[in-house]
């Protein structure tokens with residue numbers, strides 16, 4: 138079961154260029170950062186991949202973008218608890234939309250989500266919560282770039 142909520146905060150870090158999808162694509166680079174670590178997992182890379190997929194799935198056709206932007210995403214928290222025969226994971230992701238030229242902040246977005254799964258499926262619950270939090274944070278991006 139996934140639940141999504143959207144709020145606000147900030148983000149930072151390494152830049153990744155996005156493939157060109159025509160001149161109507163306003164997001165020209167993605168930065169990813171994680172304040173969370175898990176042994177044997179690269180959460181920053183997971184976050185970057187999820188954000189890239191999420192941006193690729195956004196519809197920017199409603200109007201021309203005002204500028205080109207850098208999207209900076211940060212994994213702020215990923216909490217997992219065992220509850221009876223289930224595991225519950227909650228994730229919080231912050232997204233900062235900045236003008237690619239001058240760095241002026243256009244929008245600060247926050248996504249939160251919780252996922253529940255079988256007690257043996259911790260990784261799946263964490264991935265589900267993280268994907269839903271990314272989706273929630275990215276949802277307002279097309280409107281923010283116009």
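Numbering (the working numbering), first residue to last: 138 to 283.
Ideal placement from N, C-alpha and C gives every residue a C-beta, glycine not left out.
Check	Outcome
Taking its Cβ as the centre, do 16 or more other Cβ atoms sit within 10 Å of residue 176, making it buried, or is it exposed?	exposed
Using 8 Å as the threshold, is the segment 163 to 179 in touch with the segment 208 to 215, meaning 3 or more CB pairs across them?	yes
For the putative contact between residue 247 and residue 229, defined by C-beta atoms under 8 Å, what is the C-beta separation to the nearest angstrom?	7 Å
Okay, do the segment 221 to 228 and the segment 258 to 267 touch, 3+ Cβ pairs below 8 Å being the bar?	yes
Using DSSP's beta-bridge definition, name the partner residues of residue 234.	208 and 244
Which whole-angstrom value describes the C-beta separation of residue 281 and residue 249, a residue pair presumed to lie in contact below a C-beta threshold of 8 Å?	With 8 Å as the limit, residue 281 and residue 249 do not qualify as a contact, their Cβ atoms being about 18 Å apart.
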